[in-house]
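Engineer: Protein chains in written order, with this note's numbering: chain Z, 1328 to 1641; chain U, -4 to 274.
The beta carbon of each residue, even a glycine, is placed where N, CA and C say it ideally should be.
Please read all numbers here as calculations on a predicted model, not as lab measurements.
Pasting a structure below so you can have a look.
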Amino acid sequence: MADVIKKATRESYGEALAELGDKYENLYVLDADLAAATKTGIFKKKFPERFFDCGIAEANMMGVAAGMATTGKIPFASTFAMFAAGRAFEIVRNSIGYPHLNVKIGATHAGISVGEDGASHQCNEDIALMRTIPGMTIINPADDVEARAAVEAAILYQGPVYMRFGRLATPIFNDKTTYKFELGKGVRLKEGGDISIIATGLMVAEALSAAQTLAGEGIHASVVNIHTIKPIDREIILEEAKKTGKIVTVEEHSIIGGLGSAVCDVVAEAYPCRVKRIGVNDVFGHSGPAADLLKEFGLSAENIVKTVKDVLGK
Amino acid sequence: MDAEIKKQLEITACKIRMGIIEGVFNAKSGHPGGSLAIADLLTYLYFNKMNVYPENPDYEDRDRLVLSKGHCAPGLYSALAERGFFPKEELKKLRHIGALLQGHPCIHIPGVDMSTGSLGQGISAACGMALSGKISSKPYHVYAILGDGELEEGQVWEASMFAAHNKLDNLTAIIDNNNLQIDGCISDVCSPYPIVDKFAAFGWHVITMDAHDFDSIEKAFHEAEKIAEQPVAIVQKSVKGKGVSYMENKAEWHGSAPNKEQYDIAMAELSAALKSLQD
């Protein structure tokens, strides 16, 4: 796949903000001394008067965003996922979630693909944390096209939204000329009757690649992209459960509390079936090149293929 | 301050104190001590200072008040009820199931500008409101009331840096320095002193006032009005439990409700004070 174009969704985030800044004059961007890394610097360059650096003070940044939202502005509060969901959790919960304010959180550098910075910065817990906040919408886009569309969908939605973006450049597989983002709707990218692979974020491209390999071996897997983790698309999950009865979930996040857990929540109550979760297995990461880490932690097409075969007993 | 205006404010403050006792007694829980300490401040702000519109509480150019020390909700609610944002009857249902008035301020209550209760957070939201006002050249002013114990929260100082850096002169923070927190004297627990020097060092203009003297309060706010390019911190020296003899300067009245006998004593004291003001 040498001809595949790759881009990190954090770049899509920064570029989308700068693009949408013209259309939405109420859009403001806050950052916590990471504008170069979160790519909100792109917005800052174009709209310096609508960008505020809060310094290395994420708790205050979330509160400032909340206060701005009470006055009708749409603030995007940006930092790494570790600090947005982790350090500032209780401020997001009490100052944004509880009053249900129209704050958008742009969390970049999510997951183990942060790479060399190591475990202190590899946030594999953010989806789990954000899922517990009532009324919080969580979007984990799979590629550049989806990430850009998600940013605009977040602007058009009234209420708090947590958006998760990656540092690593990953394949662009959606066609921007035809792509439509529907908040809360899963996307069936490939139809198959043998097993269902439900993936999110960076793992969607890996799931598609795995499905291609499996098809070559006569195994026909459905591939569903869940870009909105909350509220989750129960309908598409239950359709898959009823059709194949076997689900493999794939996420660049802890297997505790993320997509896998959300899928289990749905099927356990409505249509119990076999679910195998691929994700970070309740361990901390470590330093290394992102691509190598993803392989090491089983977040690869190869491991999806192997896991699918295990579940099918092949 | 004009003597008649001062007397009217003192009468209102007394009624607000009665509302606090009414609310906390009926709730059988809550925070009377700190609420009583800020009763005069709330009276001055809601009845003399702030542009607020009970008939249109969300009016976009209104002045805003964030009760960062959210546990003093009984004080805020009593002031809002007195000002006509909702019926005083609601105070008797404070903290009850299905009640409008939650244990800590909730933005969905008419007149409440921000949900607070987890200390240290309200001041950040107040900064966001003030920043918005600056960006859009809005005429409104933002007031934030913080506890002295609350200053132990690190987020307060993140917000203080932010406010000074952004020259939020449309923000006034009032620090209720009653010297007591749940575990005892603030100087014994984990001292935030010297409070005045700390805010000054963070780039704020700092004023001190007597929390229970409307002349002192007015003088402080008149000085605050004149400050440009800087946020203002007013450190008010207050008496926790002010107005109810047995609650004054007692840490144990931080977060407990009076029983019937204590309620009767408190109401008798406040009624007598009210009567003497009205005579």
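Give me, in chain order, the residues of the same chain whose beta-carbon lies closer than 6 angstroms to that of Ile1546(Z); leave out the 5 immediate sequence neighbours on both sides.
Structural biologist: Excluding sequence neighbours, Ile1546(Z) sits near Asp1521.
Engineer: Should Gln225(U) and Ser1422(Z) be called a contact, given that it needs their Cβ atoms to be closer than 9 angstroms?
Structural biologist: Going by C-beta atoms, Gln225(U) is not nearer than 9 angstroms to Ser1422(Z).
Engineer: Under three-state DSSP, which class holds Tyr72(U)?
Structural biologist: Here Tyr72(U) sits in helix by DSSP.
Engineer: As an exercise, report each continuous alpha helix (DSSP H) stretch of at least 4 residues that is fully enclosed by the stretch 132 to 182 of chain U, in chain order.
Structural biologist: As far as the stretch 132 to 182 of chain U is concerned, its whole alpha helix (DSSP H) runs of at least 4 residues are 149 to 160.
Engineer: Going along the chain, which residues of its own chain have a beta-carbon closer than 7 angstroms to the beta-carbon of Phe20(U), five neighbours each way excluded?
Structural biologist: The answer, listed in chain order, is Ala252, Pro253 and Tyr258.
Engineer: Just checking my contact of Glu1567(Z) with Ser1549(Z) at CB under 8 angstroms: how many whole Å lie between their CB atoms?
Structural biologist: Yes, Glu1567(Z) and Ser1549(Z) are in contact; Cβ-Cβ is about 6 angstroms, under 8 angstroms.
Engineer: Measure the beta-carbon distance from Ser63(U) to Ile15(U) and round it to whole angstroms, keeping in mind my assumption that it falls under 8 angstroms.
Structural biologist: At roughly 18 angstroms, the Cβ-Cβ gap does not stay under 8 angstroms, so Ser63(U) and Ile15(U) are not in contact.
Engineer: Gly1394(Z) CB to nearest chain U CB: under 9 angstroms?
Structural biologist: Closer than 9 angstroms to some Cβ of chain U, the Cβ of Gly1394(Z) qualifies, so yes.
Engineer: Could you tell me which residues DSSP puts in a beta bridge with Cys1450(Z)?
Structural biologist: Per DSSP, Ala1437(Z).
Engineer: Which residues in chain U sit within 7 angstroms of Lys1400(Z), going by Cβ to Cβ distance?
Structural biologist: Chain U residues near Lys1400(Z): Ser127.
Engineer: Could you name the residues of chain Z that Ile102(U) contacts, counting a contact when the two beta carbons are closer than 9 angstroms?
Structural biologist: Within chain Z, the residues near Ile102(U) are Thr1397, Tyr1425, Pro1426, His1427 and Leu1428.
Engineer: Could you tell me the boundaries of the beta strand (DSSP E) in which Arg1601(Z) lies?
Structural biologist: Here the beta strand (DSSP E) through Arg1601(Z) covers Arg1601 to Val1607.
Engineer: Does DSSP classify Ala8(U) as helix, strand or coil?
Structural biologist: Looking at Ala8(U) - three-state DSSP - the assignment turns out to be helix.
Engineer: Start and end of the beta strand (DSSP E) containing Lys232(U)?
Structural biologist: That run of the beta strand (DSSP E) goes Val227 to Lys232.
Engineer: Below 8 angstroms on the Cβ atoms is my guess for Ile140(U) versus Ile33(U); work out the distance and round it to an integer in Å.
Structural biologist: About 6 angstroms separates the two Cβ atoms, so the contact holds.
Engineer: Taking the straight line between their C-alpha atoms, what separation do you get for Glu1562(Z) and Val1488(Z)?
Structural biologist: Roughly 22 angstroms between the two C-alpha positions.
Engineer: Using a Cβ-Cβ cut-off of less than 9 angstroms, list which residues of the stretch 108 to 121 of chain U approach chain Z; keep chain order.
Structural biologist: So the close ones are Asp108, Met109, Ser110, Thr111, Gly112, Ser113, Gly115, Gln116, Gly117, Ile118, Ser119, Ala120 and Ala121.
Engineer: Return the residues of the stretch 1368 to 1379 of chain Z that lie within a Cβ-Cβ distance of less than 9 angstroms from chain U, sorted by chain order.
Structural biologist: If the cut-off is 9 angstroms between Cβ atoms, the stretch 1368 to 1379 of chain Z has Glu1376, Arg1377 and Phe1379 near chain U.
Engineer: Looking at the secondary structure, which residues open and close the alpha helix (DSSP H) in which Val1594(Z) lies?
Structural biologist: Where Val1594(Z) is concerned, the enclosing alpha helix (DSSP H) stretches over Leu1586 to Ala1597.
Engineer: Would you please verify whether the beta carbon of Phe157(U) is less than 9 angstroms from any beta carbon of chain Z?
Structural biologist: It does; some Cβ of chain Z falls within 9 angstroms.
Engineer: Reducing DSSP to helix, strand and coil, say where Glu1346(Z) ends up.
Structural biologist: Here Glu1346(Z) sits in helix by DSSP.
Engineer: Using a cut-off of 7 angstroms between C-beta atoms, extract the partners of Ile1418(Z) located in chain U.
Structural biologist: Here the neighbours are Gln116.
Engineer: Starting from the beta carbon of Gly123(U), find every residue of chain Z whose beta carbon is closer than 7 angstroms, and list them in chain order.
Structural biologist: Those are Gly1390, Val1391, Ala1392, Ala1393, Gly1394 and Met1395, listed as they occur along chain Z.
Engineer: Only counting the same chain, and skipping five residues up and downstream in sequence, which positions put a Cβ closer than 7 angstroms to that of Asn1387(Z)?
Structural biologist: Correct list, in chain order: Cys1381.
Engineer: Please tell me whether His1613(Z) and Ala1446(Z) are closer than 9 angstroms, where the distance is taken between their beta carbons.
Structural biologist: Cβ distance < 9 angstroms, so His1613(Z) and Ala1446(Z) count as in contact.
Engineer: Please determine if the stretch 1405 to 1423 of chain Z and the stretch 1349 to 1360 of chain Z are in contact, where contact requires at least 3 C-beta pairs separated by less than 8 angstroms.
Structural biologist: Segments in contact, yes.
Engineer: Is there at least one non-hydrogen atom of the ligand GDP closer than 8 angstroms to the beta-carbon of Glu77(U)?
Structural biologist: Inclusion of the ligand GDP in the displayed structure is not the case, the ligand content being empty and no account of it being possible.
Engineer: With H, G and I counted as helix, E and B as strand and the rest as coil, what does DSSP make of Tyr1489(Z)?
Structural biologist: Residue state, collapsed to three classes: strand.
Engineer: Is there at least one Cβ from chain U nearer than 9 angstroms to Asn1630(Z)'s Cβ?
Structural biologist: It does not: the Cβ of Asn1630(Z) has no partner Cβ on chain U nearer than 9 angstroms.
Engineer: In this structure, what does DSSP give as the bridge partners for Phe1378(Z)?
Structural biologist: Answer by DSSP bridge pairing, in chain order: Val1356(Z).
Engineer: For Gly1433(Z), go through chain U and note every residue whose CB falls closer than 8 angstroms to its CB, in chain order.
Structural biologist: Near Gly1433(Z) there are no residues of chain U at all, since even the closest Cβ is about 17 angstroms away, more than 8 angstroms.
Engineer: Let me know if Phe1500(Z) comes out buried or exposed under the rule of 16 or more other beta-carbons within 10 Å of its beta-carbon.
Structural biologist: Result: buried.
Engineer: So is Cys1591(Z) in contact with chain U if we call contact Cβ pairs under 9 angstroms?
Structural biologist: For Cys1591(Z), the answer is no, since every Cβ of chain U falls outside 9 angstroms of its Cβ.
Engineer: Could you work out which residue in Trp199(U), Met124(U) and Val107(U) is closest to Trp152(U) when comparing CA atoms only?
Structural biologist: Among Trp199(U), Met124(U) and Val107(U), the Cα nearest to that of Trp152(U) belongs to Trp199(U).
Engineer: At a CB-CB cut-off below 9 angstroms, which residues of chain Z make contact with Ala154(U)?
Structural biologist: What Ala154(U) touches in chain Z: Ala1384, Ala1386, Asn1387, Gly1390 and Val1391.
Engineer: Quick check on His160(U) - is its C-beta less than 9 angstroms from some C-beta in chain Z?
Structural biologist: Output row for His160(U): interface = yes.
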